[in-house]
Amino acid sequence: MSENEINTQQDMTLPVIPLRGMAILPDTIIHFDLNREASIRALEFAMVRGGTLFLTVQKDPDVEKPKPEQLCRIGTTAQVKQITKLPGQVVRVLVESRYRGKLLEINEENTKFLEARVQVIPEEEELSEEEQVLQEAMLRQVKELFAQFAVHYPKLDKNAMQRYANMKSLGRLLDQIAMNLPTDYEKKQQALETIEVKKRYELLCVHLQREIEIAVAREELAQKIKGRVEKNQKEYLLREQLRYIKEELGDEGSFSDADQFEEALSKLQASEEVKAKIKKEIGRFKSLSGSSSESAVERGYIETLLELPWDKASADSESMQKTRDILEKDHYGLSRVKERILEFLAVRCLTQKGDSPIICLVGPPGTGKTSIAKSVARALDKQYVRICLGGVRDEAEIRGHRKTYVGAMPGRIVTGLRQAGVKNPLMLLDEIDKVSNDYKGDTFSALLEVLDGEQNSRFRDHYVEIPIDLSEVLFLATANTTQTIPRPLLDRMEIIEINSYTENEKFYIAKEHLLPGQLQKNGLTKKMLSINDSALKSMISYYTREAGVRELERKIGDVCRKSARQILEKKQEGQEAGQIKVTASNLEDYLGKRKYSLNKANKEPQVGIVRGLAWTSVGGDTLQIEVSMMPGKGEVELTGQMGDVMKESAMIGISYIRSIGTEHGILPEVFKENDFHIHIPEGAVPKDGPSAGITMATALFSAITGKKVRSDLAMTGEITLRGRALPIGGLKEKLLAAKMAGLKEVLVPFENKKDVEEISDEIKDGMTITYVKDMKEVLRHALVAD
-5 MSENEINTQQ DMTLPVIPLR GMAILPDTII HFDLNREASI RALEFAMVRG GTLFLTVQKD
55 PDVEKPKPEQ LCRIGTTAQV KQITKLPGQV VRVLVESRYR GKLLEINEEN TKFLEARVQV
115 IPEEEELSEE EQVLQEAMLR QVKELFAQFA VHYPKLDKNA MQRYANMKSL GRLLDQIAMN
175 LPTDYEKKQQ ALETIEVKKR YELLCVHLQR EIEIAVAREE LAQKIKGRVE KNQKEYLLRE
235 QLRYIKEELG DEGSFSDADQ FEEALSKLQA SEEVKAKIKK EIGRFKSLSG SSSESAVERG
295 YIETLLELPW DKASADSESM QKTRDILEKD HYGLSRVKER ILEFLAVRCL TQKGDSPIIC
355 LVGPPGTGKT SIAKSVARAL DKQYVRICLG GVRDEAEIRG HRKTYVGAMP GRIVTGLRQA
415 GVKNPLMLLD EIDKVSNDYK GDTFSALLEV LDGEQNSRFR DHYVEIPIDL SEVLFLATAN
475 TTQTIPRPLL DRMEIIEINS YTENEKFYIA KEHLLPGQLQ KNGLTKKMLS INDSALKSMI
535 SYYTREAGVR ELERKIGDVC RKSARQILEK KQEGQEAGQI KVTASNLEDY LGKRKYSLNK
595 ANKEPQVGIV RGLAWTSVGG DTLQIEVSMM PGKGEVELTG QMGDVMKESA MIGISYIRSI
655 GTEHGILPEV FKENDFHIHI PEGAVPKDGP SAGITMATAL FSAITGKKVR SDLAMTGEIT
715 LRGRALPIGG LKEKLLAAKM AGLKEVLVPF ENKKDVEEIS DEIKDGMTIT YVKDMKEVLR
775 HALVAD
C-alpha cells in the first residue's frame, strides 16, 4: 500500500514496528536503526506491500519482545524512503511519517512480526469562521513563542525556522515544533496522543515556555561561570606578579607553599565553614616571612587541615554473609561474640545511623580482641585505625594540644582520622581500661565526648579548632577488665565478654592459625617441619598457663626457630636436611623441661588447707588458703598480700565459725586462747575479691575442729554473716583453672547455676559441679567423713 493509497476514512492492517526511546510525530523525515528480528521482518513485509508502516512507542524500552498491552495505542503511519544494511545484522531505515493512527487490534495469528488493524486519524479540516479566527490567533502566538525560543538556540536550522514561519496549518506547525524541541520522547508521545488541536496548542505552549526558562537560566549560569573564570584569570595574573616580587625579595618559598595550599583547597571536599577557615589561614600564611618560626607552625597547621577527611567517606559493605565468613575464617569458637557482632552490624546497616552503642570487647590478654576488630573492619571494607590508650594520662592526647604551644599537634582521634583518609573508618580504642588521670586533665571525660553519639558530631580538637564530625566513625574498644573504667564511660559502651579458651579451642587455633603463621614467618614449609597433634597438646598442657594463645604462639615460634637453625646448619655442611618431625616425645629437645604439671591438687586430705578458685585479668587460677591455729590471745594475722575485701571475708568467716561453734562442740574459749594465722601462698602477688569467703570459712573450721578437707575439691563463693553462699563472677575461667589443676569436684553457689549451664560441656566434663546454698552444705561436701 503506497502513501497515495492510504484512506483516512477507514481502518487498515499494517505491519507494526515498536520504537524504543523515541516518538515520531506526523510530517517528519527521520531515520532509525532496527536490530530485532521481528522488526526487520515487519519492514520486509511492508516493502512488499508498498512500504507503509505503523510506528508506535513501547512503554518499557528494556523489553525485547513487547506484548500488545505494552505498546502505546496512538502512533503514526509512515512511508519507507530508504533502507541501508549495516554490519552486525542492523538495518537503518529512513521514513517519512504521515498521519496519526490508533492501534485497534493486534493480529494474534501472525507470529513472525507484529501486525495490527490501525485507524488513521485525520487532522481537523473544516472550521467555522470563529474557529478559524481562534486558530489564527493560536498560530501567531505559537510562532512568537518559538521565535523567543530560537533566540536562545542559535544553532537551529534556519531553513526549518523559515518553513515554520510560512506554515498555515496550526496542527502541522504544532507537530513540527514538538518534534524538534529538546525534550524527552515521553513529552513527544504526549503531544502525539493529544488529538484535539486546541489542547495540543495549550500543551506545546507550556513546553515552549519551560524550555525558554531553562535556556535563560542556562545562559545566566554560563555568564556567572564566565565571570568566575575571568576573575580567576585576573587572580592568576596578580599572583604571577606577586611571585616575581617575592622572587626578587628572596622570599618565594612561602608563596609557592601558599599556591599549593590554595590548589589543594580548591579540590578539598569540605563544608563552607571549613573552607573559609582554611582560606583565612592561607591568607595569614602569605603575610608571614618564609624564614620565620611562626610560618613553619602555620604551614603545619594548614597541612593538617587539608589532609583531614572532612567529607570523604568510603563505601561500606553490608553483606552479612561476607562478615560471617570472615569472622569464621579468622577466629575459632567465640560463637556468642560473633553473633552479637553480627546483630550489632545488622542494626547499624538498617538504621544507617552512627549513634549505635559502642562495643567494648572485654577479656584476658591473647583471646583475640584486637584481631576481631581487624576482621570486622575487613568485613565491612572499612579503613582500620588502632589507637592504643594504654598508659595515656594526658587529656591532650585525646583532644590535642592548643596551637600556641611549641610542638603542638592534634590528638590521637584526629591523627587516626588523618591516617585513615576517610571520615567513616573503624577506630579501635585499644586497652581503654589502662587510661588514667593526673593533674594534666581528665582523660576519661575527653573520651566521653568521643563516644557519646549526641556530642561527637561536633567534636572539637584543641589543635584543629574546627568542629569535626565523628558520628560516622565505627568505634570499638578493648579492655582486660571493666573494674577500672568509670561508670559514665562504661554506660556508653556495650560490653561483650570474651572468655578464656579451652584446651580444645587452643589446639584448633594452634593447628589452623598459629602453626601456619609461624612457619611462614620463619621461612619454613610443612615439608621442612612437622609438628604433630600430640606435640601441640603437650605445649598447651605443660608449657603454657594462660587464658589466650600468645604464649602458645611464642612456644611454636621457638620450635620453628630451632628447626630453622638445624636445617640451615645441615645445608651448609652439605647434608640433606630432610623433614624435622616434632612429637610429644622429643618436644623437650626444643622447649626444655616441662614448666607445669596437670595435677596441682594436694595428694592427701589435710587440716586447715583448702583449694579456692580466683579470677584475674589474665584468666583463672587456683588459690590455696592455709590456716594455722596456735596458743595466743585470740588475734588474727593475715598474710599473702590480701586486699581489703579479702581481709573482710576472713573476718566474716571467723565471726560465722564463732556463731555456730556450740553446734559443733567448739568452746568459746578456743577463740580467746588461740591465735589464727590465715595465709595465701605466692605472697608476692596481690590478691583481692569476695569469692574466697566460703574457702576461708572452711579452712578456719577445719583448723579449729581438726577435721581434714578433701584434696580433690575446690570451691568459690562469697559468704555472709549468716553463712549464705552468694554468687560470684568469672566462673568459666575458674572452672578451667580447676580442670587444669586436676580437681574432681567444685562447690559453686546455687545462684550461679544459670551461669554454669551456659558453659560448654567440654570444660565441665570430668568434674562434678555441686551447688551449695550455705556453709552447712559446703562443710558437708568439703570435710572428710570420720
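Under the working numbering, the first residue of the sequence shown carries the number -5, and numbering increases by one thereafter.
Even glycine gets a Cβ: it sits at the ideal position worked out from N, Cα and C.
Remember, predicted model here, so these are calculated numbers, not experimental data.
Check residue i in the structure and name its three-state DSSP category.
i: residue 572; result: coil
i: residue 561; result: helix
i: residue 197; result: helix
i: residue 453; result: strand
i: residue 590; result: coil
i: residue 477; result: coil
i: residue 248; result: With a pLDDT of only 48 at residue 248, under 50, the local geometry of the prediction cannot be trusted, and no value is derived from it.
i: residue 711; result: coil
i: residue 11; result: strand
i: residue 403; result: coil
i: residue 104; result: coil
i: residue 522; result: coil
i: residue 746; result: helix
i: residue 52; result: strand
i: residue 263; result: coil
i: residue 629; result: coil
i: residue 95; result: strand
i: residue 654; result: coil
i: residue 235; result: helix
i: residue 17; result: coil
i: residue 218; result: helix
i: residue 385; result: coil
i: residue 166; result: helix
i: residue 739; result: strand
Which residue or residues does DSSP assign as beta-bridge partners of residue i?
i: residue 718; result: 768
i: residue 28; result: 85
i: residue 620; result: 603 and 673
i: residue 490; result: 355
i: residue 136; result: Paired residue(s): none; residue 136 is not in a bridge.
i: residue 78; result: 86
i: residue 111; result: 7 and 99
i: residue 69; result: 95
Short of 7 Å in beta carbon distance, which residues of its chain neighbour residue i, apart from the five on each side in sequence? Order them along the chain.
i: residue 99; result: 110 and 111
i: residue -2; result: Reliability fails at residue -2, whose pLDDT of 46 lies under 50, so the model's placement of it is uncertain and no value is given.
i: residue 665; result: 628 and 652
i: residue 768; result: 717, 718 and 719
Which whole-angstrom value describes the C-beta separation of residue i and residue j, a residue pair presumed to lie in contact below a C-beta threshold of 8 Å?
i: residue 437; j: residue 429; result: 5 Å
i: residue 603; j: residue 693; result: 7 Å
i: residue 14; j: residue 55; result: 4 Å
i: residue 353; j: residue 338; result: 6 Å
i: residue 357; j: residue 492; result: 3 Å
i: residue 48; j: residue 22; result: So it is not a contact: roughly 15 Å between Cβ atoms.
i: residue 132; j: residue 164; result: 6 Å
i: residue 172; j: residue 185; result: 4 Å
i: residue 640; j: residue 683; result: 6 Å
Who are the near neighbours of residue i in its chain, counting only those whose CB is closer than 6 Å to its CB and skipping five residues on each side?
i: residue 470; result: 353, 367 and 422
i: residue 624; result: 669
i: residue 750; result: 763
i: residue 106; result: 35
i: residue 187; result: 68
i: residue 311; result: 374 and 375
Excluding five sequence neighbours on each side, which residues of the same chain lie with their C-beta closer than 8 Å to the C-beta of residue i?
i: residue 599; result: 702, 703, 704, 705 and 778
i: residue 189; result: 68, 94 and 115
i: residue 308; result: 375, 376, 377, 416, 418 and 419
Can you find a CB in chain C that lies within less than 9 Å of the CB of residue i?
i: residue 569; result: No chain C is part of this structure, which consists of one protein chain only.
Flag this pair as touching only if the segment 395 to 409 and the segment 442 to 461 have three or more C-beta atom pairs under 8 Å; answer yes or no. Short answer: they touch.
Using 8 Å as the threshold, is the segment 719 to 731 in touch with the segment 640 to 657, meaning 3 or more CB pairs across them? The count of Cβ pairs closer than 8 Å, one atom from the segment 719 to 731 and one from the segment 640 to 657, stays below three, leaving the stretches out of contact.
Counting pairs of Cβ atoms below 8 Å between the segment 659 to 673 and the segment 708 to 715, do you hit three or more? No, the segment 659 to 673 does not touch the segment 708 to 715.
Are the segment 196 to 209 and the segment 35 to 48 in contact at 8 Å, needing three or more beta carbon pairs? Flag = no, the segment 196 to 209 and the segment 35 to 48 do not touch.
I want to know whether the segment 148 to 156 touches the segment 179 to 189 - three or more CB-CB distances under 8 Å. Contact fails: fewer than three Cβ-Cβ distances are below 8 Å.
At least 3 beta-carbon pairs within less than 8 Å: the segment 491 to 508 vs the segment 520 to 534: They touch, by the three-pair rule.
The segment 291 to 308 in contact with the segment 257 to 268 per 3-pair CB rule at 8 Å: Touching, per the Cβ criterion.
Does the segment 758 to 768 come into contact with the segment 642 to 650, if we say contact requires no fewer than three beta-carbon pairs (one atom in each stretch) closer than 8 Å? Taking 8 Å as the limit for Cβ pairs, the verdict is that the segment 642 to 650 does not touch the segment 758 to 768.
Decide if the segment 78 to 92 is in contact with the segment 25 to 36; the criterion is three or more beta carbon pairs, one per stretch, under 8 Å apart. Yes, the segment 78 to 92 touches the segment 25 to 36.
Is there contact between the segment 574 to 582 and the segment 512 to 527, where contact requires at least three CB pairs shorter than 8 Å? Per the Cβ contact rule, the segment 574 to 582 is in contact with the segment 512 to 527 (3 or more Cβ pairs under 8 Å).
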